[in-house]
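**Student:** Sequence order for the protein chains is Z and S.
Residue 120, in the numbering used here, is where the first sequence stops; the numbers in between run on with no holes.
Residue 149, in the numbering used here, is where the second sequence stops; the numbers in between run on with no holes.
Even for Gly, the Cβ is constructed at its ideal location relative to N, Cα and C.
Here it is: the structure, laid out below.
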Amino acid sequence: GENVEQHPSTLSVQEGDSAVIKCTYSDSASNYFPWYKQELGKRPQLIIDIRSNVGEKKDQRIAVTLNKTAKHFSLHITETQPEDSAVYFCAASTWMDSSYKLIFGSGTRLLVRP
Amino acid sequence: DSGVTQTPKHLITATGQRVTLRCSPRSGDLSVYWYQQSLDQGLQFLIQYYNGEERAKGNILERFSAQQFPDLHSELNLSSLELGDSALYFCASSTDGGVSYEQYFGPGTRLTVT
C-alpha cells in the first residue's frame, strides 16, 4: 500500500549544529506534506508544511524542501537548541480507498546535546 | 492548548471489555480525526468524520467504531479489547474536510488493557 518512509529513526546532534530528517513517499498524487513535532508526553503539533506547488519553505530556523520528481522531502533545523529535542513526524496526503488521508512516517527522535 | 479536548486522560481496563473515548473539536472545526499511537510508534490513522458523516477510513479494526454527533463531538468505541490495543489514542480536528489543512491534536487518551 501507500506509505511514507522516514529516516533516520534517531538523530543526536550537538547544540548549534544542523539536523536533517528525510522522508520518501510513494503516491505521485500526494500534494501536501506537513511536519509535526511531539515532545515527550505531549500532543503532536504542526511546525511547518509545504504544498506540491513549491520546492522550499522556511520559517526562522526551520525549512522544508520538496523534490517531487524523486518523491522525497526533508526537514532542516539549523542552530539546534536543547528545546528542539523531540520526536518529529513527516506526513503526506495520499489518495487511498476513495479518499485523501494523511499518512505519517514512523518518526525521528532528535536529541540535541547541550 | 490546541482547543481540542479528550476524555478520559487515562483508562485502564481488562481484556474483552468495551470502552468509549470522547473528543471535542476546536470551536468551528468540522472535521475530527482519530489516530492510534502505540509505544514508540508513529501515528496510525483510524478514521475521519466531517460534519457528522464518515469521510475517510484507515486501518481501523472491525472491533472499533466511531461517530460524530450533531454538536460535532466524536466518540471512538473500542470493544472486545485485546492487550495489543493498549496505546495512546489521539483525536485531531481541522476546519475543512480535506487533509491539506493543519490538524490540531488533543492531549490524547492513554488506554491500558490488562
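Regarding S73(S) and the ligand FMN, is the C-beta to nearest heavy atom distance less than 6 Å?
**Tutor:** With respect to the ligand FMN, the structure shown offers nothing to examine, as it has no ligands at all.
**Student:** Only counting the same chain, and skipping five residues up and downstream in sequence, which positions put a Cβ closer than 7 Å to that of K92(S)?
**Tutor:** I82
**Student:** Determine contact between the stretch 65 to 72 of chain S and the stretch 124 to 136 of chain S, defined as no fewer than three beta-carbon pairs at a distance below 8 Å.
**Tutor:** yes
**Student:** Tell me the DSSP bridge mates of T30(Z)?
**Tutor:** E11(Z) and H78(Z)
**Student:** Go through its chain and collect everything with a Cβ distance to K107(Z)'s Cβ below 6 Å, but skip five positions before and after it.
**Tutor:** T100
**Student:** Sort D120(S), G133(S) and P142(S) by Cα distance to V148(S) and report the nearest one.
**Tutor:** D120(S)
**Student:** Does any C-beta atom of chain S lie closer than 7 Å to the C-beta of F110(Z)?
**Tutor:** yes
**Student:** Considering only C-alpha positions, which residue in the set M102(Z), E21(Z), R119(Z) and I56(Z) is nearest to S80(Z)?
**Tutor:** I56(Z)
**Student:** Keeping to the same chain, check which residues put their C-beta closer than 7 Å to that of E137(S); ignore five residues upstream and five downstream.
**Tutor:** Its chain contains S129 as the residues whose beta carbon lies nearer than 7 Å to that of E137(S), once the 5 sequence neighbours on both sides are disregarded; these appear in chain order.
**Student:** Between the Cα of Y85(S) and the Cα atoms of Q79(S), E97(S) and F104(S), which residue gives the shortest distance?
**Tutor:** F104(S)
**Student:** Can you give me the C-alpha to C-alpha distance between Q71(S) and F99(S), rounded to a whole angstrom?
**Tutor:** 11 Å
**Student:** Between Y31(Z) and chain S, is there a C-beta pair that is closer than 7 Å?
**Tutor:** No, Y31(Z) lies away from the interface with chain S (no Cβ there is under 7 Å from its Cβ).
**Student:** Hey, quick one: how far does the beta strand (DSSP E) through R145(S) stretch, first residue to last?
**Tutor:** DSSP places R145(S) in the uninterrupted beta strand (DSSP E) bounded by T144 to V148.
**Student:** I want to verify the contact list: residues of chain S whose CB lies under 9 Å from the CB of F95(Z), in sequence order.
**Tutor:** G77 and L78
**Student:** Going along chain S, which residues have a C-beta under 9 Å from P50(Z)?
**Tutor:** Y70, Q72, L78, F125, A127, Q138 and F140
**Student:** Considering only DSSP beta bridges, list what F39(Z) is partnered with.
**Tutor:** I56(Z)
**Student:** Using a Cβ-Cβ cut-off of 7 Å, state whether S66(S) counts as contacting chain Z.
**Tutor:** no
**Student:** Can you tell which of A25(Z), W41(Z), F39(Z) and I109(Z) has the C-alpha that lies nearest to the C-alpha of L117(Z)?
**Tutor:** A25(Z)
**Student:** Just how far apart, CA to CA, sit K111(Z) and R145(S)?
**Tutor:** One detail in the question is off: residue 111(Z) reads as Gly in this sequence, not Lys. Each residue's alpha carbon lies about 21 Å from the other.
**Student:** Would you report the Cα separation of R67(Z) and K77(Z), rounded to the nearest angstrom?
**Tutor:** 24 Å
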